[in-house]
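*Asks:*
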Amino acid sequence: MPGILVYAEVQKGEIKKGAFEITSKAKALGGQVSACIIGKGVEGLASQLAKYGADKIYVVDGPEFEKYSTEPFVQALAQVAGMVNPSIIFTSASAQGKDLTPALAARLKVGSISDCVDLTLNGDKVAAKRPIYAGKAYTMVEATGNPQVVSVRPNSFAVVEAAGAGAVEKVAATLDASKIKAVVKSVEIAASEEPDQTEAEIIVSGGRGMKGPENFKMLEDLAHVFGPTATTGASRAAVDAGWRDHSYQVGQTGKTVSPNLYVAAGISGAIQHLAGMGTSKVIVAINKDPEAPIFTKADYGIVDDLFKVLPKLTEEVKKIKG
Amino acid sequence: MNTVVCLKQVPDTETLIKINAEGTGIVTEGVKWVMSPYDEFAVEEALRQKEKAGAGSVTLVSLGPDRVIEAIRTALAMGADTAVHVNDPAFAAKADPYATATVLAAAIKDATYDAIFCGKQAMDDDAGQVASILGELLGLPVVTMVTKLEVSADKKTATVTREVEGGQAIIDVPLPAVLTAQKGLNEPRYASLPGIMKAKKKPVTVKTAADLGVSVEPMTIIKSMTLPPARQAGKKIEGDDSDAKAVALAKALHEEAKLI
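Protein sequences appear in the order of chains S and F.
Numbering that gives the first Met the number 0 puts the first residue of the first sequence at 0, with every later residue one more than the last.
Numbering that gives the first Met the number 0 puts the first residue of the second sequence at 0, with every later residue one more than the last.
(1) At what residues does the beta strand (DSSP E) containing aspartate 114(S) begin and finish?
(2) Determine the direct distance from the alpha carbon of phenylalanine 40(F) to that of arginine 161(F), and round the result to whole angstroms.
(3) Which residues bound the beta strand (DSSP E) around glutamate 187(S)?
(4) Using only the alpha-carbon positions, how far apart do glycine 300(S) and leucine 103(S) sit?
(5) For isoleucine 21(S), which residues in chain F fall below 9 Å Cβ to Cβ?
(6) Please state the DSSP three-state secondary structure of glutamine 251(S).
(7) Under a CB-based cut-off of 8 Å, is phenylalanine 294(S) close to chain C?
(8) Answer yes or no: does any C-beta atom of chain S fall closer than 8 Å to that of serine 241(F)?
(9) Find the residues of chain F that neighbour leucine 118(S), judging by a C-beta separation of less than 8 Å, and give them in chain order.
(10) The alpha helix (DSSP H) spanning alanine 251(F) covers which residue range?
(11) How about valine 145(F) and leucine 184(F): are their beta carbons less than 8 Å apart?
(12) Pull up the CB-CB distance for proline 146(S) and valine 109(S), whole angstroms please, since I reckon it's below 8 Å.
(13) Classify glutamine 231(F): buried if its beta carbon has 16 or more other beta carbons within 10 angstroms, exposed otherwise.
(14) Measuring only the C-alpha atoms, how far is proline 71(S) from lysine 244(F)?
(15) Since glutamate 187(S) meets chain F, which of its residues come closer than 7 Å, beta carbon to beta carbon?
(16) Please report whether the beta-carbon of serine 246(S) lies at a distance below 8 Å from any beta-carbon of chain F.
(17) On the three-pair Cβ rule with 8 Å, is the stretch 205-215 of chain F touching the stretch 74-88 of chain F?
(18) Which value, in whole angstroms, describes the spacing of the CA atoms of alanine 157(S) and glutamine 74(S)?
(19) Using a cut-off of 7 Å between C-beta atoms, extract the partners of lysine 307(S) located in chain F.
(20) Comparing C-alpha positions only, which one of Val281(S), Ile202(S), Met82(S) and Asp195(S) sits nearest to alanine 339(S)?
(21) Quick check on the burial criterion: 16 or more other C-beta atoms within 10 angstroms. Buried or exposed for isoleucine 270(S)?
(22) Under 8 Å: do the stretch 162-179 of chain S and the stretch 211-221 of chain S share three or more Cβ pairs, one atom per stretch?
(23) How long is the line joining the alpha carbons of valine 26(F) and valine 163(F), rounded to whole angstroms?
(24) What does tyrosine 6(S) pair with, by DSSP beta-bridge criteria?
(25) Shortest alpha-carbon distance to glycine 138(F) belongs to which of Glu69(F), Ala105(F), Gly127(F) and Leu59(F)?
(26) Please report the straight-line C-alpha distance between glycine 230(S) and valine 262(S), rounded to a whole angstrom.
(27) Any beta-carbon of chain S closer than 8 Å to the one on tyrosine 189(F)?
(28) Closer than 8 Å, CB to CB, is arginine 106(S) near chain F or not?
(29) Could you spell out where the alpha helix (DSSP H) holding methionine 196(F) opens and where it closes?
(30) Tell me the DSSP secondary structure of glutamine 120(F) in three-state form.
(31) Buried or exposed, going by whether 16 or more other CB atoms sit within 10 Å of the CB of lysine 296(S)?
(32) Measuring straight from C-alpha to C-alpha, what distance separates alanine 256(F) and alanine 284(S)?
(33) Which residues bound the alpha helix (DSSP H) around alanine 41(F)?
(34) With 16 other CB atoms within 10 Å as the buried threshold, where does glutamate 149(F) fall?
(35) Leaving out the 5 sequence neighbours to the left and right, which residues in its chain are closer than 7 Å to methionine 0(F) when beta-carbon positions are compared?
(36) So the beta strand (DSSP E) tyrosine 132(S) belongs to, where does it begin and stop?
Pasting the structure below:
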């Protein structure tokens with residue numbers, strides 16, 4: 000059975016849900032599950048990982064890890080990998096994970112498999128399924144190196160409680176300062192409590208049919224009544240028009256998402272957009288144009304004026320939520 | 000300011016992807032090939048930094064078969080000065096991210112540069128790895144997802160803004176460094192007609208594996224390629240009354256889909 004090392008990312012003082020997802024998956028695959036958590040004042044969070052299957056949790060805690068910075072985190076994680084000697088390393092393909100994972104793999108002189116949505120194990124070898132062309136196709140990929148480094152797309156696996164031994168070990172990181180060249184001066188995070196689009200369970204997205212930036216409030220209102228796991232998104236047309244920031248964009252030049260529910264309001268459904276949200280579990284389309292391609296992918300379609308449908312929908316969802 | 004830009008040619012984003020008979024790759028016939036869209040931001044930034052500095056050169060490096068020359072010519076027409084086209088069938092089936100970065104590093108290592116620009120990911124395999132591996136191989140710092148770049152007058156350091164979850168980070172990095180372009184960094188220019196004419200005469204050096212003295216083995220292997228399961232259109236909620244349709248949708252999401 001392979002030893003698996005899971006990197007558990009911390010954001011805003013909490014372990015991310017994606018970290019619990021990959022810990023759960025590691026546990027389900029069998030074998031020894033180790034986890035590593037890096038940050039400042041994160042030691043108290045470590046035991047949470049035991050609940051989802053971590054047998055051993057390595058904690059790298061210090062002021063130099065207060066803000067995420069590629070090189071120190073790569074060094075610390077590589078140091079823990081050296082202690083664990085795992086055959087597989089899992090990371091989350093979050094914004095941070097996408098920066099960290101290839102750098103870590105390169106430091107370990109191995110290849111990595113990015114942004115996987117499914118995993119199977121054949122002996123010690125991982126076979127990973129990953130989307131390419133923003134989801135227009137999938138590949139099954141194997142890594143030849145040791146360890147096999149795999150980043151996993153958030154929302155790909157369920158969080159499952161299955162207790163691991165949960166022994167916590169503090170690790171004093173020995174950083175090679177000569178390699179730390181880039182210095183993070185400041186980090187500005189919007190106060191928003193909304194989850195990132197790639198991790199949200201519900202996305203209410205708007206396109207050209209929203210007619211202007213002021214109308215996105217309607218989408219925010221609907222996302223708000225859906226609850227804290229919901230956020231808003233936008234099509235490229237809405238972003239290029241300057242109505243929404245690029246960080247909201249869903250599709251081939253934006254984010255690829257797979258929420259439980261994707262509501263497309265006033266989005267026609269260009270191939271680049273459909274590629275970016277086609278794996279959503281349930282798709283709702285609201286559009287005035289009955290010929291809009293989005294309707295060919297939608298589980299529920301309403302041909303109507305979104306300005307009439309959305310407020311009523313918000314009201315109804317609120318009622319159901321009680 | 001001297002810069003290197005790594006380019007990849009990919010299918011246009013409008014392309015409908017079809018899988019080949021072997022199930023290992025895409026059908027390339029009839030595909031319209033373009034410069035990967037994030038690489039356009041990389042080329043544009045290299046040009047702007049050179050223009051701002053008032054001197055320097057922009058060198059393109061690209062790995063791929065003969066067709067790649069079209070993407071190279073496009074970037075030369077935008078204003079890049081020279082290009083290295085690494086073209087060798089020996090690389091064709093082996094060019095995973097690690098191998099690609101190894102080849103690019105070999106092609107770049109003797110160049111003089113203040114920065115290397117890449118797109119944040121190529122718009123075909125979406126791996127987003129090459130720049131990070133390239134930095135490791137060349138011993139350079141890497142900053143990914145760059146949305147703003149200010150280079151110091153002496154070109155020894157840069158202040159970089161990068162996109163992070165929910166916001167942005169400001170980073171000071173010594174040059175040379177590898178920087179990956181995120182959308183928002185700039186608005187890429189179109190090639191002008193004189194630019195296109197000039198591009199035809201700009202030097203493109205073709206290099207083989209033997210020229211670079213490099214051989215590669217992939218670290219990741221694609222075993223198979225498939226299309227996603229076809230998604231069937233579901234039900235249309237019909238009627239003349241907008242309110243009634245909204246109510247029916249909320250009910251369906253609650254009772255059928257069990258999402259609320």
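Each residue gets a CB set at the ideal place from its N, CA and C atoms; glycine is no exception.
Please read these numbers as outputs of a predicted model, since none were measured by experiment.
*Replies:* The relevant details are as follows:
(1) 111-115
(2) 14 Å
(3) 182-188
(4) 44 Å
(5) Those do not exist, as isoleucine 21(S) stays about 17 Å from chain F at its closest Cβ, beyond 9 Å.
(6) coil
(7) In the displayed structure, chain C is absent; the protein chains listed are S and F.
(8) yes
(9) Ordered by position in chain F, no residue passes the 8 Å Cβ test against leucine 118(S), which lies about 13 Å from the chain.
(10) 241-254
(11) yes
(12) 7 Å
(13) exposed
(14) 54 Å
(15) Gly166 and Gln167
(16) yes
(17) yes
(18) 30 Å
(19) Ser241
(20) Not covered by the structure: residue 339(S). The range shown for chain S is 0 to 321.
(21) buried
(22) no
(23) 36 Å
(24) Cys35(S)
(25) Ala105(F)
(26) Per the sequence presented here, residue 230(S) reads as threonine, with glycine not at that position. C-alpha separation (whole angstroms): 11 Å.
(27) no
(28) yes
(29) 192-198
(30) coil
(31) buried
(32) 15 Å
(33) 36-52
(34) exposed
(35) Gln48, Lys49, Ala52, Gly55, Asp113, Val150 and Lys154
(36) Looking at the DSSP string, tyrosine 132(S) is not in any beta strand (DSSP E), and its letter there is neither H nor E.
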